[in-house]
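Step one of this worksheet: look at the structure below.
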Amino acid sequence: MTSKKYFQGEGPWSDADQLVLYLDTGSWRSMRPVVEVESCIYCGLCALFCPTQCMINKNGEYFEPNLDFCKGCGVCAKECPRGAIIMKPEGEFNDE
Ligand code: SF4
Ligand code: SF4
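When you line the sequence shown up against my numbering, it's residues 21 to 116, in that order.
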């Protein structure tokens, strides 16, 4: 029996092979990560470090957060080597 049977849904620090997209973590968000696509070099570090694993690969060109699950923690912005992710207050958006 492998450890994957015990740790399904764990984050990237485990050996799980499934995403952690089943909690309503999007409702926690007060800040929103905005990706400046022209600055993204598609290194994938934002996706690797995102605690909820909600960074979506957009056609192999850049990454974008799935806002249903992004909790606005800012880890992706902190880890991005290009400074391509800007955290902005949710109040600046009127799409919800
Ligand atoms: S960490 Fe920054 S540069 Fe790398 S894929 Fe994410 S947004 Fe793009
Ligand atoms: S702010 Fe970034 S690291 Fe945090 S949950 Fe959202 S996409 Fe993931």
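Using N, Cα and C, we set each Cβ at its ideal position, and we do this for glycine too.
For R54, is the beta carbon positioned less than 7 Å from some heavy atom of ligand 2?
Taking the sequence shown and counting its residues from 1, one reaches residue 54 at position 34. Sequence check: residue 54 is Val here, not Arg. No; taking the cut-off as 7 Å, the Cβ of V54 has no heavy atom of ligand 2 nearer than that.
For V95, the first and last residue of its enclosing alpha helix (DSSP H)
Walking along the sequence shown from the start, residue 95 turns up at place 75. Looking at the DSSP string, the run of the alpha helix (DSSP H) that includes V95 is V95 to E99.
Return yes when at least one heavy atom of ligand 4 lies under 7 Å from the C-beta of V57, else no.
Among the ligands present in this structure, namely ligand 1 and ligand 2, ligand 4 is not found.
Kindly examine ligand 1 and report whether one of its heavy atoms sits closer than 7 Å to the Cβ of I61.
In the sequence shown, counting from the first residue as 1, residue 61 sits at position 41. Checking the Cβ of I61 against ligand 1 gives yes.
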